[in-house]
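K.L.:
Have a look at the structure that comes next, please.
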Amino acid sequence: MNNSDLKKEFLNSMREVTSTVNIVSSQYQNVKHAMTASSVVSLSLDPPSMLISVNKDASIHDNLGKERFFCINVLAKDQVDLANLCSSKDDEDSRFNSEEWSFYENIPYNKGANANIFCRCFNSFTHTTHTVFFGEVVKVINNNTKDPLMYGKGKYIV
105 MNNSDLKKEF LNSMREVTST VNIVSSQYQN VKHAMTASSV VSLSLDPPSM LISVNKDASI
165 HDNLGKERFF CINVLAKDQV DLANLCSSKD DEDSRFNSEE WSFYENIPYN KGANANIFCR
225 CFNSFTHTTH TVFFGEVVKV INNNTKDPLM YGKGKYIV
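In case it helps, my numbering puts the sequence shown at residues 105 to 262.
Spelled out as structure tokens, the structure:
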């Protein structure tokens, strides 16, 4: 199988993986960023830790790094518009215009999300186009009032 075919088949197989939609948010030197992400994984319970994978070209990438903080906002199924807003480069300047955003110790988070998982980055690893950021959980807010927004087969599942 040539590399082009392998990438195409890999992408098709990944469309079969259904995952929760999240928004990763951060603020560094008074610059706020948010991006829609499905590459978010629980790493361990002891200590509670998460990992996120971020494309090096994403505007949030340089806001993240060792000893910096970020929030994983686990979206509810009625937050499709927010997911779209935070995945569009054209709308980057309007991502934080909603009153649904607040701050916990200078970390932006979305109050309408099902959960907010605040992390301190303790390590990172770069592999080709992406960097994996490892975060130790420092605080969690659970709302759990709605079904989660899911993504699979190339679309949101509501």
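For every residue, glycine included, the Cβ atom is placed at its ideal position computed from N, Cα and C.
1. Taking 8 angstroms as the cut-off, does the stretch 192–201 touch the stretch 229–239 (at least 3 CB pairs, one atom from each stretch)?
2. According to DSSP, is Ala180 part of a helix, a strand, or is it coil?
3. Contact check, Lys250 vs Ala180 under 8 angstroms by CB: the rounded distance?
4. For the alpha helix (DSSP H) holding Leu115, just list the boundary residues, first then last.
5. Going by DSSP, what residues sit across from His137 in a beta bridge?
6. Classify Leu186 as helix, strand or coil using the three-state DSSP reduction.
7. With three or more beta-carbon pairs closer than 8 angstroms as the criterion, would you say the stretch 117–128 touches the stretch 201–210?
8. Report yes if the C-beta distance between Pro151 and Cys175 is below 9 angstroms; otherwise report no.
9. Run through the stretch 221–247 for me and flag every whole beta strand (DSSP E) of 3 or more residues, listed as ranges in chain order.
P.N.:
The short version:
1. no
2. The count along the sequence shown starts at 1 and reaches residue 180 at position 76. In this structure, Ala180 counts as strand in the three-state DSSP scheme.
3. As a working note, residue 250 is residue 146 in the sequence shown. As a working note, residue 180 is residue 76 in the sequence shown. Confirmed, Cβ separation roughly 4 angstroms.
4. Looking up residue 115 in the sequence shown gives position 11. Its alpha helix (DSSP H) spans residues 107–118.
5. As a first step, residue 137 is located in the sequence shown; it is residue number 33 there, counting from the start. His137 pairs with Ser130.
6. Walking along the sequence shown from the start, residue 186 turns up at place 82. Three-state result, Leu186: helix.
7. no
8. Your numbering for residue 151 matches position 47 in the sequence shown. Your numbering for residue 175 matches position 71 in the sequence shown. No. Outside cutoff.
9. 234–246
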